[in-house]
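Numbering (my numbering), first residue to last: 63 to 120.
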């Protein structure tokens, strides 16, 4: 999943960046820095898992 797809998924599911950052266990500003460039595999996995959990728990 690309960073743009992550951002679109956040918007379409009304999830805020701080909620995703909290689910990952990082600071909101760290998430913003991560999303400026394409994520490496480890970070992408962490983001995708946390995002899926947030969507499924709605």
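C-beta atoms are modelled at their ideal positions from N, C-alpha and C, and glycine is treated no differently.
- Going straight from the alpha carbon of residue 88 to that of residue 104, what length do you get? 14 Å
Open item on the list: For residue 69, report the span of its alpha helix (DSSP H) as first-last.
Closed with: 65-74
Is the beta carbon of residue 63 less than 8 Å from the beta carbon of residue 106?
yes
| message | What would DSSP say about residue 86, mapped onto helix, strand or coil? | response | helix
- Message: Tell me the residue span of the alpha helix (DSSP H) that contains residue 118.
- Response: 103-118
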